[in-house]
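> The structure is given below, and queries will be raised subsequently.
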Amino acid sequence: MRICSLAALTLAVALCNACSMPFSGSSEEAPWLLADTPLNRDAATLSADTDAHIASARELRDRIVAIDGEHTVENTLELYNELEMHLGAAGNDCQLLEAVHTQADVREAAQEGARRVSEYGTELGLDRELYAALLALDTTEEDESTRWAHSKILREYRRSGVDKDEATRSAIRQLDADLVLIGQAFDENIRNAVLEVETTVAGLAGLPDDFLASHPAADDGTVTVNTTYPDYQPIMRYATDLDLRRRLFMQYKNRAYPENLSVLSDLLVGRERYAKLLGYPDWVAYRTEPLMIGSGEAADAFIEKVAALARPVSQRDMARLLERKRRDHPSATDVEEFEGGLYGNLVRKEGFDFDSQALRPYLEFERVREGIFDLSARLFELRFEPAPGLELWHESVTAWNVYDDQGQLGRFYLDLFPRESKYGHAACFPYRIGVGEERLPQAVLVCNFPDPAKAPNGVALMEFGQVSTFFHEFGHLLHMMLSGRQHWMQNSGFGVEWDFVEAPSQMLEEFLLEPEVLQSFAVHHETGEVVPSDLIEKLRRSSEFGKGSGTMRQMYYAAVSLHSHLADPTDLDTTRLSSALAHEFSPYDPVPDTHMQCSFGHLSGYSCIYYTYMWSKVMAKDMYSRFSEEGVLNPAVARAYRDAVLAPGGSKPAGELVADFLGRERSFDAFREWLKRK
């Protein structure tokens, strides 16, 4: 998610199947949910809708500054909330359709629309008249949620440069527009970088039968695979052909190279200049200031702390991988990154008696989807129903309404299979932020899982890691749905500090290894057999292997993210920096002639704060400890978690949300114990 100014804050606030449930609640659709623009639009309509939202925001701004007399919550903050609703809707429309729409002209209109939204957001952030009106507002006698929303708005105005002189504000305005263009170019280059490798049927030795069936040879005997997840991940895990693994790995690690080298340089230089215009020493100081972490020094210390805990565990992991590799290559002295998946799989198979291919027949896509719905319904007292008759942007997209016993909570859309020019990773895109009784939340889950329509006999089998990703992203979606009744846009949806936003998603992942959860949906697609308990136990034991190396890999990404923005960007060699940090943090030595930073999409969105994932994981482990102690599916604990952490959205600081649920301050202990456990 791109964050450059108050415009980006507005976008951040507004922006990054059926199962039978035992709960009542009207299935009638809330009228305000549907009283909005359709998702699938042509380029002209999208452009007109974007302009209409911006025009409405301008009109609301003018009404606020024209107030002659006392500024109150009713005549100022309520109008500003409505302004944010319009600007957020416009930004979300453009962000989503740029990522998923099948027509190039719509994606181009979305890019251009996002620029106009950002430009107006920057204008608002530098608007002294509007700031004066908001500053004059006294909320000291209002409720906590209102005071917190108001304080966040004023803080972001101060951070946007509203108090700077005209020359500085003009420079900020231009630089903000430039950074939006640069970030869009970086993202588009990654999205378009689907690279291919040719092999033969023999070259696919080790791959599952369903993978082989979905990749038939051409008339000349060649088989083409590419760098999208449904191809790349199984090949890195199962393929025994070292040449294929190396060639596909090299393509994957060189996506968007060389074009993004210069784009990334421009991004880093622009961010450094932007931060200094605002009076900060660097982008890291600017970006971390409003977060839980609070400073770049604290972020660096956190990365070092986690790395110190994980490094000895990672070294044990890597020693075990090397031991296994030496059975095939006795003179081996290290394990290459493109070999790690294969030898990790073999260690789990031979050392823990866990064969990941034996689990795949139990992970049929549709049953997994139903399982996630069922678990979410059981934990949080929800019901999911199809929302038919909607015109969406692709025939594979499905729409779902969410209910609890009080009525409809929101709507979400599932866009789960890869296609050309679509966003290539996994994300939850906000579409409409919920606002009290005025508007229900809507969100879109965008992933790239195996497509049943392209699978043999319509049966798409998933890797366990893909199931984990599905749980993760659905955790984001639940956060959106359940926080959607906050009155203020600033407090709804993902309105928490950004380094907490991954905690609810990682919390849902925690349930996946619980036997009662996995056995509720993991059923053999041919025999109907529930996944055996002994296979789950082997999975659980084997999952202890690789924690250290996996954590160090995350710390490597976090270090690249942070130090790319701490270093002087003038003439910075990001390839050399990434390589040096790999020697310090990555469990693998860097592979020559690779350029991971060119396709590291988080450098555009999260910029310097990739540490967020591990920071949130520490909190997720801590919060999940209460479920472990009081019952994994304990309805009282689940209700407490919903009420204390999810439903409040960003209505109070995230640290308080965690403390409210745990009944104490957050702790590192659960994460430390998890990492040490063998």
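Numbering-wise (the working numbering), the sequence shown opens with residue 349 and increments by one. Positions of the beta carbon are idealized from the N, C-alpha and C atoms, including for glycine.
#1: Alpha carbon to alpha carbon, what distance is there between K512 and A808?
#2: Can you look up W741 in the DSSP assignment and give me helix, strand or coil?
#3: Within 7 Å: the Cβ of R664 and any heavy atom of the ligand HEM?
#4: Does V314 come out as helix, strand or coil in the three-state DSSP assignment?
#5: When you compare the CB positions of V844 and G997, do they come within less than 8 Å of one another, or not?
#6: From what residue to what residue does the beta strand (DSSP E) around L425 run?
#7: Measuring straight from C-alpha to C-alpha, what distance separates A565 and H835?
#8: DSSP three-state call for G1011: helix, strand or coil?
#9: Going by beta carbon distance, what residues of the same chain come within less than 8 Å of L348, once the five residues before and after it are set aside?
#10: If I follow the unbroken beta strand (DSSP E) through L552, where does it start and stop?
#11: Across which residues does DSSP place N749 in a beta bridge pair?
#12: Sorted by chain position, which residues of the same chain lie with C-beta nearer than 8 Å to L560's C-beta, five sequence neighbours on each side aside?
#13: Which residue marks the beginning of the alpha helix (DSSP H) containing L920, and which one marks its end?
#14: So the candidates are A484, E432, L394; which of them puts its Cα closest to the Cα of L408?
#15: Is DSSP giving A808 helix, strand or coil here?
#16: What is the DSSP secondary structure of C442, reduced to helix, strand or coil?
#17: Hey, quick one: how far does the alpha helix (DSSP H) through S982 stretch, first residue to last?
#18: Measure the alpha-carbon distance for R389 versus H401 and round it to whole angstroms.
#19: Mind pulling the beta strand (DSSP E) runs of 3 or more residues that sit fully within the segment 463-522?
#20: For T488, is the classification buried or exposed, using 16 other Cβ atoms within 10 angstroms of its Cβ as the cut-off for buried?
#21: E877: buried (16+ other C-beta within 10 angstroms of its C-beta) or exposed?
#22: From what residue to what residue does the alpha helix (DSSP H) around Y580 run?
#23: Hey, quick one: how far does the beta strand (DSSP E) through T570 stretch, first residue to last?
#24: Tell me the rounded alpha-carbon separation between S934 and A655.
#25: Per DSSP, which one or two residues make a beta bridge with E544?
#26: Suppose you measure from the CA of E821 to the CA of H434; what does that come to, to the nearest Å?
#27: Taking 7 Å as the limit between beta carbons, can you name the residues of its chain near L670, skipping five residues before and five after?
#28: Taking 6 Å as the limit between beta carbons, can you name the residues of its chain near D941, skipping five residues before and five after?
#29: Could you work out which residue in V571, V421, E544, T516 is closest to A497 when comparing CA atoms only?
#30: From the DSSP output, which residues share a beta bridge with C776?
#31: Roughly how many angstroms separate the alpha carbons of S952 and G417, rounded to a whole number?
#32: Just the C-alpha distance for T918 and V617, rounded to the nearest angstrom, thanks.
#33: Express the C-alpha separation of A735 and T746 in angstroms, rounding to a whole number.
#34: Rounded C-beta distance between L615 and F534? I'm assuming under 8 Å.
#35: So what's V878 in DSSP terms, helix, strand or just coil?
#36: Report yes if the C-beta distance between L929 and M829 is below 8 Å; otherwise report no.
This is what the structure gives:
#1: As a first step, residue 808 must be located in the sequence shown, where it is residue number 460. As a first step, residue 512 must be located in the sequence shown, where it is residue number 164. Cα to Cα, the separation comes out at about 56 Å.
#2: As a first step, residue 741 must be located in the sequence shown, where it is residue number 393. Reduced to three states, the DSSP call for W741 is coil.
#3: As for the ligand HEM, it is missing from this structure, which has no ligand bound.
#4: With the chain covering 349 to 1026 only, the question about residue 314 has no answer from this structure.
#5: For the purposes of this step, residue 844 is identified with residue 496 of the sequence shown, where counting begins at 1. For the purposes of this step, residue 997 is identified with residue 649 of the sequence shown, where counting begins at 1. Taking 8 Å as the Cβ cut-off, V844 and G997 qualify as a contacting pair.
#6: Here residue 425 refers to the residue found at position 77 of the sequence shown. It is not in any beta strand (DSSP E) - L425 carries neither H nor E in the DSSP assignment.
#7: As a working note, residue 565 is residue 217 in the sequence shown. As a working note, residue 835 is residue 487 in the sequence shown. Roughly 57 Å between the two C-alpha positions.
#8: Counting from 1 along the sequence shown, the entry for residue 1011 is found at position 663. Annotated three-state conformation of G1011 is coil, per DSSP.
#9: Outside the shown range of the chain (349 to 1026) lies residue 348, about which nothing can therefore be said.
#10: Counting from one through the sequence shown, the residue named residue 552 turns up at place 204. Neither: L552 is in no beta strand (DSSP E) and is coded neither H nor E.
#11: If you number the sequence shown from 1, residue 749 lands on position 401. For N749, which the question treats as bridged, DSSP gives the partners E733, R759.
#12: Residue 560 sits at position 212 when you count from the first residue of the sequence shown. Taken in chain order, the residues that qualify are V549, L552.
#13: Against the sequence shown, residue 920 aligns to sequence position 572. That residue, L920, is in no alpha helix (DSSP H); it is neither H nor E in DSSP.
#14: As a working mapping, residue 408 is identified with position 60 in the sequence shown. Taking each of A484, E432, L394 in turn and checking the Cα distance to L408, the smallest one comes out for E432.
#15: Reading the sequence shown from its first residue, position 460 is the one you call residue 808. Residue state, collapsed to three classes: coil.
#16: For the purposes of this step, residue 442 is identified with residue 94 of the sequence shown, where counting begins at 1. Under the three-state reduction of DSSP, C442 is assigned to helix.
#17: In the sequence shown, residue 982 corresponds to position 634, counting from 1. Per the sequence presented here, residue 982 reads as Asn, with Ser not at that position. Segment: none, N982 is in no alpha helix (DSSP H) and carries neither H nor E.
#18: The sequence position of residue 389 within the sequence shown is 41, counting from 1. The sequence position of residue 401 within the sequence shown is 53, counting from 1. If I take the Cα positions, the gap works out to 15 Å.
#19: Counting only runs that start and end inside the segment 463-522, there is no beta strand (DSSP E) element of at least 3 residues.
#20: Along the sequence shown, read from residue 1 onward, the residue named residue 488 stands at position 140. By the neighbour-count rule (16 or more Cβ atoms within 10 Å), T488 is not buried but exposed.
#21: Numbered from its first residue, the sequence shown carries residue 877 at position 529. Its Cβ having fewer than 16 others within 10 Å, E877 is exposed.
#22: Along the sequence shown, read from residue 1 onward, the residue named residue 580 stands at position 232. That run of the alpha helix (DSSP H) goes 577-586.
#23: The residue you call residue 570 lines up with position 222 of the sequence shown. Counting along the chain, the beta strand (DSSP E) containing T570 begins and ends at 570-574.
#24: By one-based count along the sequence shown, residue 934 stands at place 586. By one-based count along the sequence shown, residue 655 stands at place 307. Taking the straight line from one Cα to the other gives about 10 Å.
#25: For the purposes of this step, residue 544 is taken as residue 196 along the sequence shown, with counting starting at 1. DSSP, once it has assigned bridges, lists N574 as partnering E544.
#26: The count along the sequence shown starts at 1 and reaches residue 821 at position 473. The count along the sequence shown starts at 1 and reaches residue 434 at position 86. When only Cα atoms are considered, E821 and H434 end up about 26 Å apart.
#27: Translated into the one-based positions of the sequence shown, residue 670 becomes position 322. So the list reads A680, D682, V683, once near-sequence residues are dropped.
#28: Walking along the sequence shown from the start, residue 941 turns up at place 593. Here the set comprises nothing.
#29: Counted from its first residue, the sequence shown places residue 497 at position 149. Here the closest residue by C-alpha is V421.
#30: Taking the sequence shown and counting its residues from 1, one reaches residue 776 at position 428. According to DSSP, C776 bridges with L793.
#31: Your numbering for residue 952 matches position 604 in the sequence shown. Your numbering for residue 417 matches position 69 in the sequence shown. C-alpha separation (whole angstroms): 43 Å.
#32: Locating residue 918 in the sequence shown gives position 570, counting from the first residue. Locating residue 617 in the sequence shown gives position 269, counting from the first residue. For T918 and V617, the distance between alpha carbons rounds to 7 Å.
#33: The residue you call residue 746 lines up with position 398 of the sequence shown. The residue you call residue 735 lines up with position 387 of the sequence shown. If you take the alpha carbons of T746 and A735, they lie about 8 Å apart.
#34: The residue given as residue 615 occupies position 267 in the sequence shown. The residue given as residue 534 occupies position 186 in the sequence shown. About 6 Å separates the CB atoms of L615 and F534; that is less than 8 Å, so the two are in contact.
#35: As a first step, residue 878 must be located in the sequence shown, where it is residue number 530. Residue state, collapsed to three classes: strand.
#36: Here residue 929 refers to the residue found at position 581 of the sequence shown. Here residue 829 refers to the residue found at position 481 of the sequence shown. Not a contact, by the Cβ cut-off of 8 Å.
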